[in-house]
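Data first, discussion second: the structure below is written as structure tokens.
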Amino acid sequence: MAEVRLDGLIKYYDDVLAVDDVNLTIKDGDFVALLGPSGCGKTTTLNLIAGLIDLSDGEIWIGDRDVTDLDPKDRDIAMVFQNYALYPTKTVYNNLAFPLQMRKTPKNAIDERVRKTAEMLSITHLLDRLPRELSGGQQQRVALGRALVRNPRAFLMDEPLSNLDAKLRVQMRAELKRFHQTLNATMIYVTHDQLEAMTMADNIAVMSDGRVQQYGPPEEIFYDPANLFVAGFIGSPAMNFLHGEISTENGVTSVKGDPGWVYPLTPANAQKASHCTSGRIIIGARPANLILSREEHPGMIPGSVYTVEPTGDTTFVHITIGDQIYVAITDPFFRAEPDDPIWVDLEDDRIHIFDEATEEVLREDGLNSQSIHGKKTLQPA
Amino acid sequence: MASNATSVEERRERARRRKPKRQIRMSDVLAWFTLILLLLFSLVPMAWMLSTSLKTQFAALQLPPEWIPSNITFEHYIRLLSPGSEVGQEFLRYFWNSIFVSTMTTLAAVAIAVPAGYAFSKFRFPGRQGFFIAVLIRNMFPAIVFLIPLFIMMRTFGLIDTHLALIITYLTFGLPLAIWLLKGFYDNIPTELEYAARIDGASRFQAFIRIIMPLSTPGIIATAIYAFIIAWNEYVYALTFLSSRNLLTLPVGLQRFFDEFVTNWPGLMAASFVMSIPVVIIFLVLQRFFIQALTEGAVKS
Ligand SMILES: Nc1ncnc2c1ncn2[C@@H]1O[C@H](COP(=O)(O)OP(=O)(O)OP(=O)(O)O)[C@@H](O)[C@H]1O
Ligand SMILES: [Mg+2]
Numbered sequence: 001m002a003e004v005r006l007d008g009l010i011k012y013y014d015d016v017l018a019v020d021d022v023n024l025t026i027k028d029g030d031f032v033a034l035l036g037p038s039g040c041g042k043t044t045t046l047n048l049i050a051g052l053i054d055l056s057d058g059e060i061w062i063g064d065r066d067v068t069d070l071d072p073k074d075r076d077i078a079m080v081f082q083n084y085a086l087y088p089t090k091t092v093y094n095n096l097a098f099p100l101q102m103r104k105t106p107k108n109a110i111d112e113r114v115r116k117t118a119e120m121l122s123i124t125h126l127l128d129r130l131p132r133e134l135s136g137g138q139q140q141r142v143a144l145g146r147a148l149v150r151n152p153r154a155f156l157m158d159e160p161l162s163n164l165d166a167k168l169r170v171q172m173r174a175e176l177k178r179f180h181q182t183l184n185a186t187m188i189y190v191t192h193d194q195l196e197a198m199t200m201a202d203n204i205a206v207m208s209d210g211r212v213q214q215y216g217p218p219e220e221i222f223y224d225p226a227n228l229f230v231a232g233f234i235g236s237p238a239m240n241f242l243h244g245e246i247s248t249e250n251g252v253t254s255v256k257g258d259p260g261w262v263y264p265l266t267p268a269n270a271q272k273a274s275h276c277t278s279g280r281i282i283i284g285a286r287p288a289n290l291i292l293s294r295e296e297h298p299g300m301i302p303g304s305v306y307t308v309e310p311t312g313d314t315t316f317v318h319i320t321i322g323d324q325i326y327v328a329i330t331d332p333f334f335r336a337e338p339d340d341p342i343w344v345d346l347e348d349d350r351i352h353i354f355d356e357a358t359e360e361v362l363r364e365d366g367l368n369s370q371s372i373h374g375k376k377t378l379q380p381a
Numbered sequence: 382m383a384s385n386a387t388s389v390e391e392r393r394e395r396a397r398r399r400k401p402k403r404q405i406r407m408s409d410v411l412a413w414f415t416l417i418l419l420l421l422f423s424l425v426p427m428a429w430m431l432s433t434s435l436k437t438q439f440a441a442l443q444l445p446p447e448w449i450p451s452n453i454t455f456e457h458y459i460r461l462l463s464p465g466s467e468v469g470q471e472f473l474r475y476f477w478n479s480i481f482v483s484t485m486t487t488l489a490a491v492a493i494a495v496p497a498g499y500a501f502s503k504f505r506f507p508g509r510q511g512f513f514i515a516v517l518i519r520n521m522f523p524a525i526v527f528l529i530p531l532f533i534m535m536r537t538f539g540l541i542d543t544h545l546a547l548i549i550t551y552l553t554f555g556l557p558l559a560i561w562l563l564k565g566f567y568d569n570i571p572t573e574l575e576y577a578a579r580i581d582g583a584s585r586f587q588a589f590i591r592i593i594m595p596l597s598t599p600g601i602i603a604t605a606i607y608a609f610i611i612a613w614n615e616y617v618y619a620l621t622f623l624s625s626r627n628l629l630t631l632p633v634g635l636q637r638f639f640d641e642f643v644t645n646w647p648g649l650m651a652a653s654f655v656m657s658i659p660v661v662i663i664f665l666v667l668q669r670f671f672i673q674a675l676t677e678g679a680v681k682s
């Protein structure tokens, strides 16, 4: 296994900028998820690492080798494709054996490796079948097996679970994590499912528009988002964003919201807001950090109930403030009628302050260590 | 709603026995009618040819004609196929020439169309679209239009009265459709298969030979049949480009039979029948692939 380093990757498809200056270091033995919405360049990045498509600019290092100009076969990596890409004319056995045959492994060693891998994935009884005679979950295992049968320097996986049903997905997720832990493999895992990324990855690279927006451990991505995109993309239901203007009266800094509400900031949050250059900020508050009250209290934001969704464990309350709808998670027994008046308080030490102009997070020291727009290679914290 | 009187078991049993209703519709009848007409249209001449070829010269000219000859004779076949007789020698030479030209055309067509179809499907290169359209436009003109230009070209290259001239000409007929057909095939093969093979340690060429090509076998076979039949049946160019008697192909050769043995209808029919045998055999053996190719490969684009 080896470290994988991406240095300023740029990829143009004709005039489409699919990957825009991606810098990442995936440490030896790390499980890194590339997470982002559809079309953000995840697959392209993975294919660049594999060498399947030509780079427009940048360098790729695997271990201590510069592989930028090497053929895929010489990069010593394994890959699992979203549609599995099993060889239709070969049996499961020969699908697994192919990577070894291409590397001129002796016949008896091939047999041993294939059977061992099949055993590990519980597909021994399928070895004589053709891919089209397998269920989706079985095909997925064979695709995984074709990658695991060798001992590559890194595993690349492109949404390997997305074609499975929900239950199988949960099961395979746990299995994949086990594999990673037992093999100590370097894994780069593409997904647009944040739950997969959060549950499996040591580090997550959140991508959008061909750029890495933030790179760090799941907790950091969740609790300390670097910008508005990451904050809005991670978490379900999504984070609430309250736009407003900063104003200071009698030494107290408040946010004046658009439809006439005023929310006073704590000194720590006021310190963050003071780094704002535009005068307008966005408060980011996760649904769980909204506190609802039936009575008016000073410093709370007035709104009205839009609808109430009991889910069993918790209840989602949709609230209208001005012309926006926000979501709060409350205790399971909260009940209210539509249009009931309601007041919203925020957990002040859990909210995030963003500059409305730059959409970057504002921190107390004014430094955004996660800002991506520099050239440096990011190391996970 | 199910009545309470019948139990679930009874209803299940009834449901199991129920046959899907087969209604004969007007459109079915029309379809059958058309198919039968087409069948007659193609089979009757064949049957007539076979029947005549088994008659004596005298019986062949009888009126009204007999469908099933009362005296079946194989004399014409024997004469045609025995290398000893003068006619047999000539016929076998034409037959061999046809086999040679058609086989060479087929091999060359496959060797060119397979990589070309793949390139048009998966590679991006300058002029890709333009080339492809140019290839297809060739098919919009009737073959005869190119007779004089090709003749002049062949003369310039000193190829008149050679088999090579015919092979090249037949390639220009067969390749456009062959390339188009195979491109359709390769379009339908996911790029990820090639990617997977390359990651698994194959070079681009190995990935093509070991993974992609086997998947396009039906397309390759269809291409081969198509090229073979074009070359096997072609008449006008063979007549124009060849003058030496010992180089002639069967269609032109049969024409000579026609001229020289005007009255020998059974002989001519026997020769025609023998001529159709290779194509029929090839088609019967490989038709499965051919049909698969036409329905599967060309769906897209
Ligand atoms: N072969 C191609 N030719 C031209 N543009 C392409 C090509 N492949 C991808 N793109 C474009 O590049 C961008 C990134 O595509 P990519 O496939 O990497 O996205 P992705 O993050 O993997 O999305 P998804 O989650 O939908 O798989 C998209 O805008 C896409 O339209
Ligand atoms: Mg993708």
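Chains A and B, in that order, give the protein sequences. If you're matching positions, the first sequence starts at 1 in my numbering and goes up one per residue. If you're matching positions, the second sequence starts at 382 in my numbering and goes up one per residue. Glycine included, C-beta positions come from ideal geometry on N, C-alpha and C.
If contacts are defined as beta-carbon pairs under 8 Å, then residue i and residue j qualify, I think. What distance do you get, rounded to the angstrom?
{"i": "Leu416 of chain B", "j": "Ala494 of chain B", "result": "Actually they do not touch by this definition, with Cβ atoms about 32 Å apart."}
{"i": "Ile541 of chain B", "j": "Phe481 of chain B", "result": "Wrong, their Cβ atoms sit about 18 Å apart, outside the cutoff."}
{"i": "Glu575 of chain B", "j": "Ala588 of chain B", "result": "5 Å"}
{"i": "Ala50 of chain A", "j": "Ile26 of chain A", "result": "14 Å between Cβ atoms; not a contact."}
Is residue i near residue j, with beta carbons less than 9 Å apart?
{"i": "Phe609 of chain B", "j": "Leu431 of chain B", "result": "no"}
{"i": "Tyr87 of chain A", "j": "Ala118 of chain A", "result": "no"}
{"i": "Glu347 of chain A", "j": "Asn289 of chain A", "result": "yes"}
{"i": "Ile204 of chain A", "j": "Leu46 of chain A", "result": "no"}
{"i": "Ala559 of chain B", "j": "Ala490 of chain B", "result": "yes"}
{"i": "Val317 of chain A", "j": "Phe333 of chain A", "result": "no"}
{"i": "Asp345 of chain A", "j": "Ile283 of chain A", "result": "no"}
{"i": "Pro72 of chain A", "j": "Ile580 of chain B", "result": "yes"}
{"i": "Met172 of chain A", "j": "Leu164 of chain A", "result": "yes"}
{"i": "Thr253 of chain A", "j": "Ala285 of chain A", "result": "no"}
{"i": "Asn593 of chain B", "j": "Ala578 of chain B", "result": "In the sequence under discussion, the amino acid at residue 593 of chain B is Ile, which differs from the Asn named in the question. Contact: yes."}
{"i": "Gly303 of chain A", "j": "Pro341 of chain A", "result": "yes"}
{"i": "Thr630 of chain B", "j": "Tyr475 of chain B", "result": "yes"}
{"i": "Thr186 of chain A", "j": "Asp74 of chain A", "result": "no"}
{"i": "Leu635 of chain B", "j": "Ala652 of chain B", "result": "yes"}
Check whether the Cβ of residue i lies closer than 9 Å to any Cβ atom in chain A.
{"i": "Gln510 of chain B", "result": "no"}
{"i": "Arg669 of chain B", "result": "no"}
{"i": "Ser584 of chain B", "result": "yes"}
{"i": "Glu573 of chain B", "result": "yes"}
{"i": "Tyr567 of chain B", "result": "no"}
{"i": "Ala500 of chain B", "result": "no"}
{"i": "Ile580 of chain B", "result": "yes"}
Can you give the Cα-Cα distance for residue i and residue j, rounded to whole angstroms?
{"i": "Ala197 of chain A", "j": "Lys177 of chain A", "result": "11 Å"}
{"i": "Asp258 of chain A", "j": "Phe241 of chain A", "result": "12 Å"}
{"i": "Ala147 of chain A", "j": "Asn83 of chain A", "result": "14 Å"}
{"i": "Gly600 of chain B", "j": "Leu562 of chain B", "result": "7 Å"}
{"i": "Asn95 of chain A", "j": "Val80 of chain A", "result": "13 Å"}
{"i": "Val666 of chain B", "j": "Ala492 of chain B", "result": "21 Å"}
{"i": "Asp28 of chain A", "j": "Met200 of chain A", "result": "16 Å"}
{"i": "Gly210 of chain A", "j": "Pro659 of chain B", "result": "59 Å"}
{"i": "Ala154 of chain A", "j": "Glu59 of chain A", "result": "17 Å"}
{"i": "Leu34 of chain A", "j": "His180 of chain A", "result": "16 Å"}
{"i": "Ala18 of chain A", "j": "Ala612 of chain B", "result": "48 Å"}
{"i": "Gly260 of chain A", "j": "Ile321 of chain A", "result": "10 Å"}
{"i": "Gly137 of chain A", "j": "Leu168 of chain A", "result": "7 Å"}
{"i": "Val410 of chain B", "j": "Gln404 of chain B", "result": "11 Å"}
Within 9 Å (strictly less), CB to CB, does residue i reach chain B?
{"i": "Leu17 of chain A", "result": "no"}
{"i": "Gln82 of chain A", "result": "yes"}
{"i": "Met79 of chain A", "result": "yes"}
{"i": "Leu117 of chain A", "result": "For the record, residue 117 of chain A in the displayed sequence is Thr; it is not Leu. Chain B contact via Cβ: absent."}
{"i": "Pro72 of chain A", "result": "yes"}
Evaluate contact between the stretch 346–366 of chain A and the stretch 277–291 of chain A, counting only Cβ atoms and requiring at least three cross-stretch pairs below 8 Å.
Touching, yes.
Indicate whether the contact test is met: 3 or more Cβ pairs, each with one atom in the stretch 441–448 of chain B and one in the stretch 460–474 of chain B, closer than 8 Å.
No, the stretch 441–448 of chain B is not in contact with the stretch 460–474 of chain B.
When you compare the stretch 12–25 of chain A with the stretch 205–220 of chain A, are there three or more beta-carbon pairs, one atom per stretch, that lie closer than 8 Å?
Yes: at least three Cβ pairs fall under 8 Å.
Mind checking the stretch 592–613 of chain B against chain C and listing, in chain order, the residues whose C-beta falls within less than 7 Å of any C-beta there?
Within the model displayed, chain C is absent; protein chains A and B are what it includes.
Tell me whether the stretch 9–17 of chain A and the stretch 47–58 of chain A touch, counting them as touching only if at least three CB pairs, one residue from each stretch, are closer than 8 Å.
Yes: at least three Cβ pairs fall under 8 Å.
How about the stretch 615–633 of chain B and the stretch 392–402 of chain B: do they share at least three Cβ pairs that are nearer than 8 Å?
Touching, no.
Touching or not, the stretch 131–138 of chain A and the stretch 100–120 of chain A, by the rule of three or more beta carbon pairs under 8 Å?
By the Cβ test, the stretch 131–138 of chain A is not in contact with the stretch 100–120 of chain A, since fewer than three Cβ pairs between them sit closer than 8 Å.
Using 8 Å as the Cβ pair cut-off and three pairs as the minimum, do the stretch 505–512 of chain B and the stretch 623–635 of chain B touch?
By the Cβ rule, the stretch 505–512 of chain B does not count as touching the stretch 623–635 of chain B, because fewer than three pairs are nearer than 8 Å.
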